[in-house]
Amino acid sequence: MKYKVRHTTTYKYAEPVQLSHHAAHLRPRVVAGQKISEAAVSIRPEPAVLHADGADYFGNPVTFFTIQSSHSTLVIESSFVVETSDQPPLSRFAVPAWDSVRFDSWQCSNLDGSVMDYVFASPQVPILAEAAEYAAPSFRPGRNLAEAVMELVARIHADFAFDSHATTVGTPLAAVFAERRGVCQDFAHVGIGCLRAMGLAARYVSGYIRTIAPAGKEKMIGTDASHAWLSVYQPGWGWLDVDPTNNMVAGQDHVTVAWGRDYDDVSPVRGVVLGGGEHQVHVAVDVVEVS
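If you're matching positions, the sequence shown starts at 1 in UniProt numbering and goes up one per residue.
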């Protein structure tokens, strides 16, 4: 599949901002099954300092910029064209039992550092007893890892209600487990918390997903949204991306931008401002299929 993606973030401040410094995870990663072209990030007002080719600890592209002129509005627009393909089928590989590949402390010295980052607790995903208890029915001894993961994904999809008003980006994972409501970010954190509680490596993936307008209706401009899912590590095969919000293996409709331990590592825009007072944020996203 080939898509044109545009992501526009607009900040409106109650009072002028005199100085601001930001980091944006808006340029997509170059990964297997994803070919990027025509990538660009535009910023208004024009930054005094711009580093458009930065990267973070996890290898994600990051745009760093500083605005030194007074402003009451900030607009950040990212656009790119991406060609996607499905992940290789697991049937091509031997899928081990989950408990044969869990990472006990004695094994960690043999792990690649890029995997170890995703085994332990992180700021938004602590290791919770309730996560281990919730995951346990899917992870019976000796069960195929992929089967266990997909059953867990299906259970999260069934047991947790999508509610855009139930949580914020700072809602603790324990509260999400208690209320069983949230959005894609929360469901990704739930899945990651469950997998890490079982001794498996799991990471948070941010990006986009193509949405389809209801039958007989035209798709509205700017109504797509950022999306989040998770990825679990299987030794000998690699990372398997799964989407608990939609109960599926991530495929051609998913566009990867960044990955990290949890949302805090890959938030689309973060920064520090001098002044501004109260502010409002508006985000418009379009994922349009192109020929």
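Glycine included, C-beta positions come from ideal geometry on N, C-alpha and C.
Every unbroken beta strand (DSSP E) within the segment 54 to 133, with a cutoff of 3 residues, ordered by chain: 61 to 67, 71 to 84
Since I believe R270 is in contact with S122 (beta carbons under 8 Å), could you give me their beta-carbon distance rounded to a whole number of angstroms? About 16 Å; that fails the 8 Å criterion.
Looking at V283: is its Cβ nearer than 7 Å to the Cβ of V82? no
In angstroms, rounded to a whole number, what distance separates the CA positions of A197 and Q124? 14 Å
Exposure of S20, with buried meaning 16 or more beta-carbon neighbours within 10 Å: buried
Is the segment 232 to 248 in contact with the segment 11 to 29, if contact means three or more CB pairs nearer than 8 Å? no
Please report the Cβ distance between G142 and D99, rounded to the nearest whole angstrom; I am assuming they are in contact, meaning their Cβ atoms lie under 8 Å. 7 Å
Write down the C-beta distance between A174 and L128 rounded to the nearest angstrom, noting that I regard them as a contact closer than 8 Å. 6 Å
Determine the DSSP secondary structure at R261, reduced to helix, strand or coil. coil
Sort G207, V285, Q185 by Cα distance to G251 and report the nearest one. G207
Is DSSP giving E46 helix, strand or coil here? coil
Give the C-beta separation of V232 and V149 to the nearest angstrom, bearing in mind that I take them to be a contact with Cβ-Cβ under 8 Å. 5 Å
Starting from the C-beta of T171, find all residues in its chain whose C-beta is less than 8 Å away, skip the five residues before and the five after it, and write them out in chain order. G182, D186
Coil, strand or helix - I212 by DSSP: coil
V205 by DSSP, collapsed to three states: which one? strand
Helix, strand or coil at A32 according to DSSP, with G and I counted as helix: coil
Using the Cα positions of R203 and D264, report the straight-line distance between them to the nearest angstrom. 12 Å
With DSSP as the reference, label V255 as helix, strand or coil. strand
State the CB to CB distance for the pair E289 and Y57, rounded to an integer number of angstroms; the pair is presumed to be in contact (CB under 8 Å). Actually they do not touch by this definition, with Cβ atoms about 33 Å apart.
Give the range of the alpha helix (DSSP H) segment to which S152 is assigned. Per the sequence presented here, residue 152 reads as Leu, with Ser not at that position. Run containing L152: 145 to 159, per the alpha helix (DSSP H) assignment.
Which of helix, strand or coil DSSP assigns to S164: coil
Considering only C-alpha positions, which residue in the set I43, L74, A39 is nearest to H279? L74
Taking just the CA atoms, how far does L26 sit from residue 296? As displayed, the chain neither begins before 1 nor continues past 291, which places residue 296 out of reach and without an answer.
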